[in-house]
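Residue numbers (the working numbering): 107 to 189.
Where is the CB? At the ideal position from N, CA and C, for every residue including glycine.
Structure (structure tokens):
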């Protein structure tokens, strides 16, 4: 049975990438990384497709995190507050 679509890390990842509230994005990213870390430490075997999905998710989350930091710095430089 393939539980990939129902896995907690995928749910947390989806919450992070689809979050629209700029104040919540950092927490969503952190939650997604934590869920991935938990999955990687779980005793259940990780198949090839899930491993590739996890690696891709980690890359996207890292990029999202950098983009979030850049947006905050830009807003601070312009005297704006993130919404």
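Residue j beta carbon less than 9 Å from that of residue i
{"i": "residue 131", "j": "residue 120", "result": "no"}
{"i": "residue 146", "j": "residue 160", "result": "yes"}
{"i": "residue 163", "j": "residue 115", "result": "yes"}
{"i": "residue 167", "j": "residue 135", "result": "yes"}
{"i": "residue 66", "j": "residue 118", "result": "Here the chain covers residues 107 to 189 and nothing more, so residue 66 does not appear."}
{"i": "residue 177", "j": "residue 128", "result": "yes"}
Neighbourhood of residue i by C-beta distance below 6 Å, restricted to the same chain and skipping five residues each side
{"i": "residue 157", "result": "none"}
{"i": "residue 153", "result": "none"}
Residue i in three-state terms, based on DSSP
{"i": "residue 133", "result": "helix"}
>> Just to confirm the assignment: which complete alpha helix (DSSP H) runs, minimum length 4, are found wholly within the stretch 110 to 180?
In response: Runs of the alpha helix (DSSP H) lying entirely within the stretch 110 to 180 and spanning at least 4 residues, in chain order: 114 to 124, 131 to 147.
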